[in-house]
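Following: one structure in structure tokens, then a few remarks.
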Amino acid sequence: MINWISIFYIVSLINTTLFIRHSQEINNNRLRELVVKHGQNPISYLTLESDKKIFYSKNLDAAVAYKVVRGIFVCCGDIICSDDDSEIFLNEIQNFCKQNGWSVLFLNITGHYLNLYKANNFRIAKYGEDACFNLSEFSLKGGKIATVRSSYNRSQREGIIVKEYKHAFGRDYELEKKIKEISEEWLENKNTLELSFMLGSVCLNNLLDRRIFMVFTLIIIWWVLLFYYHFLISQHIYLKLLVIKKWT
């Protein structure tokens, strides 16, 4: 049962002229408060990763994560602010990029601010959807989820066990080494910087609200699956399967 769909778009705007102004340094506490309060996009959680620069509003409680790539101000997800401040903050970003001669691109936005982007002459390209769930309401009952229920029952019969790596209650450095290795190998095989920018890193030293789950079989071969587990304002969950690997 899918509670809602996060529809991802790319929006872009071309600007000209040149002027440089430095954005503020990351204030982790302030930034996390912003993400928890206004991060309607599950991708907003990646704003807290150290590989991103943060553009803060001069006067508003607002921010956006970005990287500048070949003259393009690439934003990670939507703007993070209240709805009342959204148009003012978007204009602030546009003016900043215009002064620098940069184009603007929002990568992996939801539909929340879609009309706002359109009203400000952004071009829209939809390229995918991700499912989001409210675990307190999720159920395996009903015909719509019969395929999932069948897969679950089969996994039970085959002795597949799901365990959470409870990092906060004692670290297993050998396990963490394996998790890091397979994550890096997976990203390397994909050979693209976009995945690390939009999926984030393992961040075992700073998991925050993310949780790691592992899937074992009862035989020697076992599999590790790493998910990103995002709590939003609505307490919905966004799961991202990062990697699957087999060890013998």
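Numbering-wise (this note's numbering), the sequence shown opens with residue 6 and increments by one.
Using N, Cα and C, we set each Cβ at its ideal position, and we do this for glycine too.
When rounded, the separation of the alpha-carbon atoms in E186 and S108 is 36 Å. By DSSP's assignment, E169 forms a beta bridge with F218.
Taking L39 as the centre and dropping the five residues before and after it, the same chain places the C-beta of A68, I85 closer than 6 Å to its C-beta, in chain order.
Every beta strand (DSSP E) of 3 residues or more that sits fully in the segment 64-98 is shown, in chain order, as 68-74, 77-81.
Following the DSSP letters along the chain, one finds R154 inside the alpha helix (DSSP H) bounded by residues 151-162.
Following the DSSP letters along the chain, one finds K42 inside the alpha helix (DSSP H) bounded by residues 33-43.
I98 is a Cβ neighbour of F60, given a cutoff of 9 Å. Rounded to the nearest angstrom, the gap between the Cα atoms of E142 and F78 is 38 Å. Here F174 is exposed. Its C-beta has fewer than 16 other C-beta atoms within 10 Å. Taking the Cα positions, L212 is about 8 Å away from H172. By the Cβ neighbour-count rule, D83 is buried, with 16 or more other Cβ atoms within 10 Å of its own. With contacts defined as CB atoms closer than 9 Å, V220 and I166 qualify as a contacting pair.
Membership of L119 in the alpha helix (DSSP H) is indicated by the continuous run 119-124. Less than 9 Å divides the Cβ of D66 from the Cβ of S87. According to DSSP, C102 shares a beta bridge with no other residue. For the options E190, Y178, K131, the alpha carbon positioned closest to that of L209 is the one of Y178.
In the assembly as shown, R159 is an exposed residue. Its beta-carbon has fewer than 16 other beta-carbons within 10 Å.
A straight-line Cα-Cα distance of about 13 Å links S156 and K146.
Boundaries of the beta strand (DSSP E) around Y61: 58-61.
Relative to the Cα of V73, the nearest Cα in the group K63, K131, A136, K58 belongs to K58. S188 carries a helical assignment under DSSP once its states are collapsed to helix, strand and coil. Looking at the DSSP output, S108 bridges to I77. Taking C-beta atoms as the reference points, S62 and F94 count as a pair closer than 9 Å. Judged by beta-carbon spacing, C81 lies within the 9 Å limit of I48, meaning their Cβ atoms are closer than that value. The closest CA to that of A70, considering only G76, G44, L140, is found on G44. Separation of the CB atoms of L53 and L36 is rounded to 6 Å, and the pair is thereby assigned contact status at 8 Å.
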